[in-house]
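Residue numbers (the working numbering), protein chains in the order written: chain A, 1 to 97; chain B, 98 to 367. We put the CB at the ideal spot given by N, CA and C, even for glycine. Owing to the predicted nature of the structure, the values given are computational and were not obtained by experimental measurement. Written below as structure tokens is the structure these notes are about.
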Amino acid sequence: MMGLFENFFRTPPSKSAALAKERLQIIVAHERGSRRSSPDYLPALKKELLEVVRKYVPIDQSQIKVHLDREGGYEILELNITLPDEEQRQGQPRSGV
Amino acid sequence: MATVIVVTSGKGGVGKTTTSASFATGLAQRGFRTVVIDFDVGLRNLDLIMGCERRVVYDFVNVINNEANLNQALIRDKRVENLHILPASQTRDKDALTKEGVERILAELKQGFDYIVCDSPAGIERGALMALYFADEALVVTNPEVSSVRDSDRILGILASRSRRAEQGDAPVKEHLVLARYAPERADRGDMLSVDDVLEILGIPLLGVIPESSTVLQSSNAGVPVILEDSSEAGAAYNDLVDRFLGKALPHRFTSIQKKGFLKRLFGGG
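See the structure below:
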């Protein structure tokens with residue numbers, strides 16, 4: 001008879017699978033997005049650019065921004081280097097900037 | 098022309114080697130000359146699952162380093178005709194698996210086999226990348242569990258960007274989902290991601306659902322690929338999977354709770 005009770009008075013379904021699905025959809029979409037917008041070579045490109053600029057101007061990692069965008073059939077590589085103020089540059093060679 | 102198939106997943110312990118062993122055995126049973134290669138350099142598991150661990154003399158890395166030829170290293174399966182195993186090396190460092198070396202061995206195997214099944218190690222390190230690099234098709238083994246699904250998605254990204262087909266701009270690696278360790282009654286209760294949930298997230302075609310089954314452990318204990326236990330659910334599921342891979346349109350089984358008759362529901366068997 002226990003079988004009968006178990007079948008007709010089941011505990012309500014828990015919702016942990018729904019939560020798992022929701023979390024996965026968010027994280028997977030996020031990771032796919034970052035995969036697409038930053039190809040493998042971007043970190044290396046950024047590092048090498050930093051080294052070249054540093055030959056002439058003292059800058060740190062946070063002052064160089066590399067961003068790749070897709071628009072229609074085009075890819076746009078956006079490069080942003082913030083140079084330091086004049087005072088901060090004192091003592092450094094000024095030529096070649 | 099031989100087809101190279103990688104069995105991969107990202108996450109460990111989801112059933113890659115179990116799937117590789119059964120898939121290769123199933124292809125061979127159906128008459129295709131099949132070789133299954135263990136890419137897990139350093140660990141070596143496939144030989145145990147296939148039950149040929151005591152017959153390993155030379156391995157994959159020996160062949161790459163020209164210390165043995167393929168015929169010396171290939172182990173012929175004793176149960177199934179047309180089936181060979183190329184075991185992984187246990188002791189060498191992982192750098193032994195060079196792209197040139199792997200390419201040369203695969204080219205040689207393509208002469209004598211219809212299907213080359215590459216059993217990938219877990220992770221996304223060299224061994225895993227080498228196992229998938231030359232693949233024409235991929236079986237992505239996933240468990241209905243969050244970290245496994247996420248890692249599978251990661252592997253799909255790598256297949257699409259870092260395989261030889263991707264690098265050379267050829268047709269992409271053909272992807273198949275293998276959902277292993279599935280428990281329909283738990284999915285039905287809402288405790289486990291369902292087949293549809295996983296399909297919706299990963300978005301690749303479903304090749305087979307392998308139910309959670311104690312037979313899988315029993316057959317690995319015995320060194321017998323579970324596909325040979327055809328009276329078991331897992332064995333039947335793998336047989337369906339191989340037939341589907343070869344083009345048969347079979348409905349998916351073991352994805353929903355086995356319906357019990359009314360009397361059985363009332364009087365036991367609960």
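Using the C-alpha atoms, what's the distance from residue j back to residue i?
i	j	result
L77 (chain A)	K47 (chain A)	15 Å
S62 (chain A)	L296 (chain B)	40 Å
F136 (chain B)	I182 (chain B)	11 Å
L83 (chain A)	L49 (chain A)	13 Å
A263 (chain B)	I252 (chain B)	13 Å
G96 (chain A)	N80 (chain A)	Unreliable placement is indicated for G96 (chain A), whose pLDDT of 46 sits below 50; no coordinate value is reported for it.
D250 (chain B)	K271 (chain B)	15 Å
N179 (chain B)	G128 (chain B)	7 Å
V111 (chain B)	A277 (chain B)	7 Å
N163 (chain B)	Y155 (chain B)	11 Å
E22 (chain A)	R261 (chain B)	33 Å
A17 (chain A)	S119 (chain B)	29 Å
D69 (chain A)	E75 (chain A)	6 Å
S117 (chain B)	C215 (chain B)	7 Å
L256 (chain B)	S329 (chain B)	33 Å
L206 (chain B)	D337 (chain B)	27 Å
When burial is assigned at 16 or more other CB atoms within 10 Å of the CB, is residue i buried or exposed?
i	result
T115 (chain B)	buried
N240 (chain B)	buried
V52 (chain A)	exposed
R151 (chain B)	exposed
T131 (chain B)	buried
L343 (chain B)	exposed
M227 (chain B)	buried
Q126 (chain B)	buried
A319 (chain B)	exposed
G366 (chain B)	With a pLDDT of 47 at G366 (chain B), under the threshold of 50, the modelled position of this residue cannot be trusted, and the question is left open.
I354 (chain B)	exposed
L290 (chain B)	buried
D267 (chain B)	exposed
I26 (chain A)	exposed
G148 (chain B)	buried
Y230 (chain B)	buried
Below 8 Å on the Cβ atoms is my contact criterion, and I expect residue i with residue j to pass it. Report the Cβ-Cβ distance as a whole number of Å.
i	j	result
Y212 (chain B)	L325 (chain B)	18 Å between Cβ atoms; not a contact.
A185 (chain B)	L140 (chain B)	7 Å
R247 (chain B)	G305 (chain B)	Actually they do not touch by this definition, with Cβ atoms about 21 Å apart.
N166 (chain B)	V160 (chain B)	7 Å
D194 (chain B)	G224 (chain B)	For clarity, residue 194 (chain B) is Leu in the given sequence; the question names Asp instead. 6 Å between Cβ atoms; contact.
T312 (chain B)	G332 (chain B)	7 Å
E309 (chain B)	A284 (chain B)	No, E309 (chain B) and A284 (chain B) are not in contact; Cβ-Cβ is about 11 Å, not under 8 Å.
Using a cut-off of 7 Å between C-beta atoms, extract the partners of residue i located in chain B.
i	result
Q25 (chain A)	I298
V66 (chain A)	Result: empty, since nearest Cβ-Cβ is about 19 Å, beyond 7 Å.
In chain A, which residues lie with their C-beta within 7 Å of the C-beta of residue i?
i	result
V246 (chain B)	L24
Run through chain B and tell me which residues come within less than 9 Å of residue i, C-beta to C-beta.
i	result
E31 (chain A)	R247, D250, R251 and G254
R129 (chain A)	Residue 129 (chain A) lies beyond the range of chain A shown here (1 to 97); nothing can be said about it.
V57 (chain A)	Within 9 Å Cβ-Cβ: nothing; V57 (chain A) doesn't reach chain B, min ~34 Å.
Mind listing the chain A neighbours of residue i? Cutoff is C-beta to C-beta under 9 Å, in chain order.
i	result
S291 (chain B)	A17 and K21
A284 (chain B)	A17
Which residues in chain A have a C-beta closer than 8 Å to the C-beta of residue i? List them in chain order.
i	result
V243 (chain B)	A20, R23 and L24
Any chance you could list the alpha helix (DSSP H) runs of at least 4 consecutive residues sitting entirely within the segment 223-306 of chain B, in chain order?
For the alpha helix (DSSP H) assignment, the uninterrupted runs of no fewer than 4 residues enclosed by the segment 223-306 of chain B are, from N- to C-terminal side, 223-230, 243-259, 261-265, 281-286 and 292-299.
* Asked: Where are the beta strand (DSSP E) runs, 3 residues long or more, that stay fully inside the segment 99-157 of chain B, in chain order?
  -> Here the runs fully enclosed are 100-105 and 131-135.
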